[in-house]
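Number of protein chains: 2
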Amino acid sequence: MGIVVQKYGGSSVADATGIKRVAQRIVDTKRLGHDVVVVVSAMGDTTDELRDLAEQVTPLPPPRELDMLLTAGERISMALVAMAIAQLGYKAQSFTGSQAGVITTAEHGRAKIIDITPGRIQAAIDDGSIAIVAGFQGVSQDTKDVTTLGRGASDTTAVALAAALKADVCEIYSDVDGVFTADPRVVPTARKLDKVSYEEMLELAASGAKILHLRCVEYARRSNMPVHVRSSFSTKEGTWILPASEDEGTMEQAIISGVAHDRSQAKITVVGVPDKIGEAARIFDALAGAGANIDMVVQNVSAAATGRTDISFTLPREDGQTAMAALAKVESEVGYEKLLFDDQIGKISVVGAGMRSHPGITAKFFAALASEGINIEMISTSEIRISVIVDDVDVERAVQCAHTAFGLDADEVEAVVYGGTGR
Amino acid sequence: MGIVVQKYGGSSVADATGIKRVAQRIVDTKRLGHDVVVVVSAMGDTTDELRDLAEQVTPLPPPRELDMLLTAGERISMALVAMAIAQLGYKAQSFTGSQAGVITTAEHGRAKIIDITPGRIQAAIDDGSIAIVAGFQGVSQDTKDVTTLGRGASDTTAVALAAALKADVCEIYSDVDGVFTADPRVVPTARKLDKVSYEEMLELAASGAKILHLRCVEYARRSNMPVHVRSSFSTKEGTWILPASEDEGTMEQAIISGVAHDRSQAKITVVGVPDKIGEAARIFDALAGAGANIDMVVQNVSAAATGRTDISFTLPREDGQTAMAALAKVESEVGYEKLLFDDQIGKISVVGAGMRSHPGITAKFFAALASEGINIEMISTSEIRISVIVDDVDVERAVQCAHTAFGLDADEVEAVVYGGTGR
Numbered sequence: 000m001g002i003v004v005q006k007y008g009g010s011s012v013a014d015a016t017g018i019k020r021v022a023q024r025i026v027d028t029k030r031l032g033h034d035v036v037v038v039v040s041a042m043g044d045t046t047d048e049l050r051d052l053a054e055q056v057t058p059l060p061p062p063r064e065l066d067m068l069l070t071a072g073e074r075i076s077m078a079l080v081a082m083a084i085a086q087l088g089y090k091a092q093s094f095t096g097s098q099a100g101v102i103t104t105a106e107h108g109r110a111k112i113i114d115i116t117p118g119r120i121q122a123a124i125d126d127g128s129i130a131i132v133a134g135f136q137g138v139s140q141d142t143k144d145v146t147t148l149g150r151g152a153s154d155t156t157a158v159a160l161a162a163a164l165k166a167d168v169c170e171i172y173s174d175v176d177g178v179f180t181a182d183p184r185v186v187p188t189a190r191k192l193d194k195v196s197y198e199e200m201l202e203l204a205a206s207g208a209k210i211l212h213l214r215c216v217e218y219a220r221r222s223n224m225p226v227h228v229r230s231s232f233s234t235k236e237g238t239w240i241l242p243a244s245e246d247e248g249t250m251e252q253a254i255i256s257g258v259a260h261d262r263s264q265a266k267i268t269v270v271g272v273p274d275k276i277g278e279a280a281r282i283f284d285a286l287a288g289a290g291a292n293i294d295m296v297v298q299n300v301s302a303a304a305t306g307r308t309d310i311s312f313t314l315p316r317e318d319g320q321t322a323m324a325a326l327a328k329v330e331s332e333v334g335y336e337k338l339l340f341d342d343q344i345g346k347i348s349v350v351g352a353g354m355r356s357h358p359g360i361t362a363k364f365f366a367a368l369a370s371e372g373i374n375i376e377m378i379s380t381s382e383i384r385i386s387v388i389v390d391d392v393d394v395e396r397a398v399q400c401a402h403t404a405f406g407l408d409a410d411e412v413e414a415v416v417y418g419g420t421g422r
Numbered sequence: 000m001g002i003v004v005q006k007y008g009g010s011s012v013a014d015a016t017g018i019k020r021v022a023q024r025i026v027d028t029k030r031l032g033h034d035v036v037v038v039v040s041a042m043g044d045t046t047d048e049l050r051d052l053a054e055q056v057t058p059l060p061p062p063r064e065l066d067m068l069l070t071a072g073e074r075i076s077m078a079l080v081a082m083a084i085a086q087l088g089y090k091a092q093s094f095t096g097s098q099a100g101v102i103t104t105a106e107h108g109r110a111k112i113i114d115i116t117p118g119r120i121q122a123a124i125d126d127g128s129i130a131i132v133a134g135f136q137g138v139s140q141d142t143k144d145v146t147t148l149g150r151g152a153s154d155t156t157a158v159a160l161a162a163a164l165k166a167d168v169c170e171i172y173s174d175v176d177g178v179f180t181a182d183p184r185v186v187p188t189a190r191k192l193d194k195v196s197y198e199e200m201l202e203l204a205a206s207g208a209k210i211l212h213l214r215c216v217e218y219a220r221r222s223n224m225p226v227h228v229r230s231s232f233s234t235k236e237g238t239w240i241l242p243a244s245e246d247e248g249t250m251e252q253a254i255i256s257g258v259a260h261d262r263s264q265a266k267i268t269v270v271g272v273p274d275k276i277g278e279a280a281r282i283f284d285a286l287a288g289a290g291a292n293i294d295m296v297v298q299n300v301s302a303a304a305t306g307r308t309d310i311s312f313t314l315p316r317e318d319g320q321t322a323m324a325a326l327a328k329v330e331s332e333v334g335y336e337k338l339l340f341d342d343q344i345g346k347i348s349v350v351g352a353g354m355r356s357h358p359g360i361t362a363k364f365f366a367a368l369a370s371e372g373i374n375i376e377m378i379s380t381s382e383i384r385i386s387v388i389v390d391d392v393d394v395e396r397a398v399q400c401a402h403t404a405f406g407l408d409a410d411e412v413e414a415v416v417y418g419g420t421g422r
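Just so you know, the protein sequences line up as chains Y and F, in that order. According to numbering that gives the first Met the number 0, the first sequence is numbered sequentially starting from 0. According to numbering that gives the first Met the number 0, the second sequence is numbered sequentially starting from 0.
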């Protein structure tokens, strides 16, 4: 049998009991005859606690040193998992990101994986050992400094390592049973998906579904690595993320795979922008200079009488004040009338590969929202996704009515949510 | 000016306040024009807390994984110290033992330093940075695994690094003001020594003085590195550990430098050993096989009538039961009469280079003990040390009377003890 890569999040290894449970699961997989490589996050809230410590020392920690500090978290959890496996009578060795050959760029706090050279991991496997690898971390190619890949990136470590080792599958364990048709906390009748395509999962992840990190899904698609998202608290099958199947778009395939929502955004409207060539570019130049990450953009047809138009866009809420300040600076240059800021919004997205071959999805979605009296503030679409911005108070009803309209409701409640999510 | 290596123990960096205070001190040294390299221990009780975590997972953690776990401690403190220095406007970079080039043997938990290749540290210095190095840890030469050097070994890291960098001085900071003529908690009138020779410090460290690790002093002597032991809570000069001075043995030099005591030992007596060639060897073979670390040994003159003798020896208390079991196994082979075990003992040592040229020290020491009615159970001596074993209840009085007899008492109490000691 081949190699199985398993990734366990912080909530799965939050304490000694969790660590022992995870070790048992790893050993069970080994007993089935697989070679097992495990990627772990830091225990529970360790990363946040380390960040707090840094804040006590300085409000602005140097990124290199913050990475050095935070990587202590996985070091602790991976050593403990290896110990727990040894206690069960199996050989285990833990490896830091650097030891595992996770080579990254030098952007501390948000480094990208350049290459994986898993020589030591392969040697451990060949020796009959279970290899435990620190997620979330690597070593920079040029400076040989310790780096971190950013929040949620342990998933990416796992998929990248699985690809480098030519593993059969990458299993991502967390405290939920898999990928659901909607957030079960919002839609109690949400169903677990048995499988979902890379493309759909990418859209879901980009639209606020927190189950998998966006970069992890991109990596899986590029390397064609099957990913199995499942719970470390049960032995049930979870959700398989796979290449789009041959029968896509036929009757067997659901048209819509899921409804995602995202409450982390804010909306800025620049009112009364002179409708001249280059004005929009000037605005988005200023925003790019401030490092604001723009998502959706809408521009009104300009009023013929005034020759002015309004431009609205959404961005992460935490970038809101920086963006407003950047726009205020270019007020006289652009000559707009005023700025409006709204952080009481939410984004609802319906995602499904079947959308390509089934017209009328947009109409059905908007009709469902209208029947609930929900006003649509902005719209954006991709080939397999329709997103709308609505008022924050309407978010949950919007998710629920879309879920029902597309026939996603299960006959009975099957979702179990166990707690927070790991990184 | 040259390089100054400073080592701060766990009690000096126990919390954010301590870390900021240490950073200020480091920066003050840098401001004087020195290049500064800093070795830090883990914060406060971090190492013990990590050991507790391991114990919750398994009673017998694999040594490789225990080392991986424990080294998270210095990783946290060194990153925080580097951040605190940056906050003061100076460049700082932290380095793990491996990054600092601390090459060791592969004996996890008690690795020995083989070599130091401080290329990255030298580069940081050349770049104008303050280098912060994790104490207590290294990387094994052959397996490239993370190793630890054993308790108290951060001092050794500091001295070894100072020697490799050809530093001017290695400053060891802790929560006491320096090396005292006796433990100030036992002898309130103990005086701080301004200087002490490597040889004397070796004997003091081997005799129970906890201020410096034995291996650290050995390393300093071999490399002729001046060591300055001082408090991180004050700016007072501490104790300099230096080569024996030219004027050694003249009137200016105290004959006795200090009185050390050690309550960590136990005594075993093998009663009625047949006085034949090879019997003692058989006994100590058995003890060596059990890994017992023998300190003092005394053999009685055998009684002519019986042809039998008694052999007594001391060893670390925690080795006591293993040693007794090993001796019980060879009972029939050796043919001794019985075993006696006594863990209610203490060792008192007077140490001084002046002993070489001044006869009568032994007589004076024993007379002082006799005048206090203290019985001597065992005696051993070196060229510059006399040690005796006494009953545990007599230990403190024995230290005090020897301290007085050799004229070491200060006119007033000057010792300040701030708390626990770091490693």
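Idealized CB from N, CA, C, for every residue including glycine.
**residue 5 of chain Y: contacting residues in chain F (beta-carbon distance under 7 Å)** = Here the question's residue 5 of chain Y lines up with position 6 in the first sequence. Chain-ordered listing is empty here: chain F has no CB closer than 7 Å to the CB of residue 5 of chain Y, the nearest sitting near 18 Å.
**Item:** Expected contact under 8 Å - CB spacing of residue 107 of chain Y and residue 60 of chain Y to nearest Å
**Value:** On the first sequence, position 108 is the one that residue 107 of chain Y refers to. On the first sequence, position 61 is the one that residue 60 of chain Y refers to. Under the criterion of beta carbons closer than 8 Å, residue 107 of chain Y and residue 60 of chain Y do not qualify as touching, at roughly 10 Å.
**Asked** residue 372 of chain F and residue 262 of chain F look like a contact to me (Cβ under 8 Å); what is the Cβ gap, rounded to whole Å?
**Response** Counting from one through the second sequence, the residue named residue 372 of chain F turns up at place 373. Counting from one through the second sequence, the residue named residue 262 of chain F turns up at place 263. The Cβ separation is near 20 Å, so there is no contact.
**Message:** Given 7 Å as the limit, tell me if residue 358 of chain Y has its C-beta closer than that to any heavy atom belonging to the ligand GTP.
**Reply:** Judged by which ligands are present, the structure shown has none, so any question about the ligand GTP falls away.
**Prompt:** residue 2 of chain Y and residue 124 of chain Y look like a contact to me (Cβ under 8 Å); what is the Cβ gap, rounded to whole Å?
**Reply:** The residue given as residue 2 of chain Y occupies position 3 in the first sequence. The residue given as residue 124 of chain Y occupies position 125 in the first sequence. With a contact defined as Cβ atoms closer than 8 Å, residue 2 of chain Y and residue 124 of chain Y qualify at about 7 Å.
**Asked** Should residue 158 of chain F and residue 226 of chain F be called a contact, given that it needs their Cβ atoms to be closer than 8 Å?
**Response** Here residue 158 of chain F refers to the residue found at position 159 when the second sequence is read from its first residue. Here residue 226 of chain F refers to the residue found at position 227 when the second sequence is read from its first residue. In this structure, residue 226 of chain F lies closer than 8 Å to residue 158 of chain F by Cβ.
**Request:** Check whether the stretch 394 to 403 of chain Y touches the stretch 184 to 193 of chain Y, counting contact only when three or more Cβ pairs, one atom from each stretch, lie closer than 8 Å.
**Result:** Judged by Cβ distances under 8 Å, the stretch 394 to 403 of chain Y makes contact with the stretch 184 to 193 of chain Y, as three or more pairs qualify.
**Item:** Buried versus exposed, by CB contacts within 10 Å (16 or more), residue 202 of chain Y
**Value:** Against the first sequence, residue 202 of chain Y aligns to sequence position 203. Counting the other Cβ atoms within 10 Å of the Cβ of residue 202 of chain Y gives 16 or more, which makes it buried.
**Prompt:** Smallest Cα separation from residue 210 of chain F: which of F/254, F/155, F/329?
**Reply:** If you number the second sequence from 1, residue 210 of chain F lands on position 211. Nearest option by C-alpha distance: F/155.
**Asked** From residue 351 of chain F to residue 44 of chain F, what distance separates their C-alpha atoms?
**Response** Position 352 of the second sequence, counted from the first residue, corresponds to residue 351 of chain F. Position 45 of the second sequence, counted from the first residue, corresponds to residue 44 of chain F. Separation of residue 351 of chain F and residue 44 of chain F (C-alpha to C-alpha, rounded to the nearest whole angstrom) is 35 Å.
**Asked** Skipping 5 residues on each side, what residues in its chain have a beta carbon closer than 7 Å to that of residue 22 of chain F?
**Response** Locating residue 22 of chain F in the second sequence gives position 23, where the first residue counts as 1. Close CB contacts of residue 22 of chain F within its chain, under the 7 Å cut and outside five residues either way in sequence, are with 80, 83, 84, 87 (chain order).
**Request:** Can you say whether residue 309 of chain Y is buried or exposed, counting buried as having 16 or more other CB atoms within 10 angstroms of its CB?
**Result:** Start at 1 with the first residue of the first sequence, and residue 309 of chain Y comes out as number 310. The residue is buried, with at least 16 neighbouring Cβ atoms inside 10 Å.
**Request:** Can you give me the Cβ contacts of residue 255 of chain F inside the same chain, cut-off strictly under 6 Å, excluding the 5 residues immediately before and after it?
**Result:** Walking along the second sequence from the start, residue 255 of chain F turns up at place 256. Non-local C-beta neighbours of residue 255 of chain F in its own chain, meaning closer than 6 Å and more than five positions away in sequence, comprise 349, 351, 405, ordered along the chain.
**Prompt:** Is it buried or exposed for residue 358 of chain Y, if we count other Cβ within 10 angstroms and need 16 for buried?
**Reply:** On the first sequence, position 359 is the one that residue 358 of chain Y refers to. Per the 10 Å Cβ criterion, exposed.
**Prompt:** Hey, out of F/31, F/38, F/4, whose CA is closest to residue 18 of chain F's CA?
**Reply:** Here residue 18 of chain F refers to the residue found at position 19 of the second sequence. Looking at the Cα atoms, F/38 is the closest of the given residues.
**Request:** Along the beta strand (DSSP E) that carries residue 25 of chain F, what are the first and last residues, could you check?
**Result:** Position 26 of the second sequence, counting from 1, holds the residue named residue 25 of chain F. According to the DSSP assignment, residue 25 of chain F belongs to no beta strand (DSSP E) but to the alpha helix (DSSP H) extending over 15 to 30.
**Request:** Report the partner residues of residue 169 of chain Y according to the DSSP bridge assignment.
**Result:** Against the first sequence, residue 169 of chain Y aligns to sequence position 170. Checking the DSSP bridge columns, you'll see residue 169 of chain Y partnered with Y/4, Y/226.
**Item:** CA nearest to the CA of residue 171 of chain Y, picked from Y/101, Y/134, Y/164
**Value:** The residue you call residue 171 of chain Y lines up with position 172 of the first sequence. With distances taken between Cα atoms, residue 171 of chain Y lies closest to Y/134.
**Asked** Does DSSP put residue 250 of chain F in a helix, a strand or coil?
**Response** In the second sequence, counting from the first residue as 1, residue 250 of chain F sits at position 251. Residue placement at residue 250 of chain F is poorly supported in this model, since its pLDDT is 42, which falls under 50; the coordinates still yield a value, given next. In the structure shown, residue 250 of chain F falls within a coil segment according to DSSP collapsed to helix, strand and coil.
**Request:** Find the residues of chain F that neighbour residue 153 of chain Y, judging by a C-beta separation of less than 9 Å, and give them in chain order.
**Result:** Residue mapping note: residue 153 of chain Y aligns to position 154 of the first sequence, counting from 1. Identification of chain F residues near residue 153 of chain Y by a Cβ-Cβ cut-off of 9 Å yields none; the smallest Cβ-Cβ distance measures about 17 Å.
**Request:** Tell me residue 261 of chain F's beta-bridge partners as DSSP assigns them.
**Result:** Working through the second sequence from its first residue, we reach residue 261 of chain F at position 262. In DSSP, residue 261 of chain F forms a bridge with F/346.
**Message:** With a threshold of 8 Å on Cβ separation, who are the neighbours of residue 113 of chain Y within its own chain once the five nearest residues in sequence on each side are excluded?
**Reply:** Position 114 of the first sequence, counting from 1, holds the residue named residue 113 of chain Y. Hits under 8 Å: 102, 103, 104, 140.
**Asked** What residues are listed by DSSP as bridge partners for residue 87 of chain F?
**Response** Here the question's residue 87 of chain F lines up with position 88 in the second sequence. DSSP output for residue 87 of chain F lists no bridge partner at all.
**Request:** Could you tell me whether the Cβ of residue 295 of chain Y comes closer than 8 Å to any Cβ of chain F?
**Result:** The sequence position of residue 295 of chain Y within the first sequence is 296, counting from 1. Cβ-Cβ to chain F under 8 Å: no for residue 295 of chain Y.
**Message:** Is there a Cβ of chain F sitting closer than 8 Å to that of residue 250 of chain Y, yes or no?
**Reply:** Taking the first residue of the first sequence as 1, we reach residue 250 of chain Y at position 251. The predicted model places residue 250 of chain Y with a pLDDT of 42, which falls under 50 and marks its position as unreliable; any figure quoted below should be read in that light. For residue 250 of chain Y, the closest Cβ of chain F is not nearer than 8 Å.
**Message:** Using C-beta distances below 6 Å, list every residue in its chain close to residue 407 of chain F, excluding the 5 sequence neighbours before and after it, in chain order.
**Reply:** As a first step, residue 407 of chain F must be located in the second sequence, where it is residue number 408. Here residue 407 of chain F has 180 as same chain residues with Cβ atoms under 6 Å from its own Cβ, once five neighbours each way along the sequence are excluded.
**Message:** Quick check on residue 93 of chain Y: does DSSP put it in helix, strand or coil?
**Reply:** Within the first sequence, numbered from 1, the residue matching residue 93 of chain Y stands at position 94. DSSP places residue 93 of chain Y in strand when its eight states are reduced to three.
**Item:** Cβ neighbours of residue 273 of chain F in the same chain (closer than 7 Å, five flanking residues each side left out)
**Value:** For this step, residue 273 of chain F is matched to residue 274 along the second sequence. Annotation for residue 273 of chain F: 306, 307, 334 place their beta carbon closer than 7 Å to its own, counting only its chain and skipping 5 residues before and after.
**Asked** From this set, Y/64, Y/257, Y/34, which residue's C-alpha is nearest residue 89 of chain Y's C-alpha?
**Response** Here residue 89 of chain Y refers to the residue found at position 90 when the first sequence is read from its first residue. Closest option to residue 89 of chain Y, judged by alpha-carbon separation, among Y/64, Y/257, Y/34: Y/34.
**Message:** Excluding the 5 residues flanking residue 75 of chain Y on each side, which residues of the same chain have their C-beta closer than 6 Å to its C-beta?
**Reply:** Working through the first sequence from its first residue, we reach residue 75 of chain Y at position 76. Hits under 6 Å: none found.
**Request:** Could you say which of Y/260, Y/394, Y/230 lies nearest to residue 205 of chain Y if we only look at CA atoms?
**Result:** Along the first sequence, read from residue 1 onward, the residue named residue 205 of chain Y stands at position 206. The residue with the shortest Cα to Cα distance from residue 205 of chain Y is Y/260.
**Item:** Which listed residue (F/297, F/356, F/150, F/291) has its alpha carbon closest to that of residue 387 of chain F
**Value:** Taking the second sequence and counting its residues from 1, one reaches residue 387 of chain F at position 388. Measuring from the Cα of residue 387 of chain F, the nearest candidate turns out to be F/297.
**Item:** Buried versus exposed call for residue 280 of chain F [16 or more other C-beta atoms within 10 Å across all chains shown]
**Value:** For this step, residue 280 of chain F is matched to residue 281 along the second sequence. Taking every protein chain shown into account, the CB of residue 280 of chain F has fewer than 16 other CB atoms within 10 angstroms, so this residue is exposed.
**residue 421 of chain Y versus residue 198 of chain Y - alpha carbon distance** = Locating residue 421 of chain Y in the first sequence gives position 422, counting from the first residue. Locating residue 198 of chain Y in the first sequence gives position 199, counting from the first residue. Only weak support is given to the placement of residue 421 of chain Y: the predicted model assigns it a pLDDT of 37, under 50, and the question is left unresolved by the model.
**Message:** According to DSSP, is residue 109 of chain Y part of a helix, a strand, or is it coil?
**Reply:** Here the question's residue 109 of chain Y lines up with position 110 in the first sequence. DSSP, read as helix, strand or coil, puts residue 109 of chain Y in coil.
**Three-state class that DSSP yields for residue 148 of chain F in the structure shown** = Residue numbering aside, residue 148 of chain F sits at position 149 when the second sequence is read from its first letter. Here residue 148 of chain F sits in coil by DSSP.
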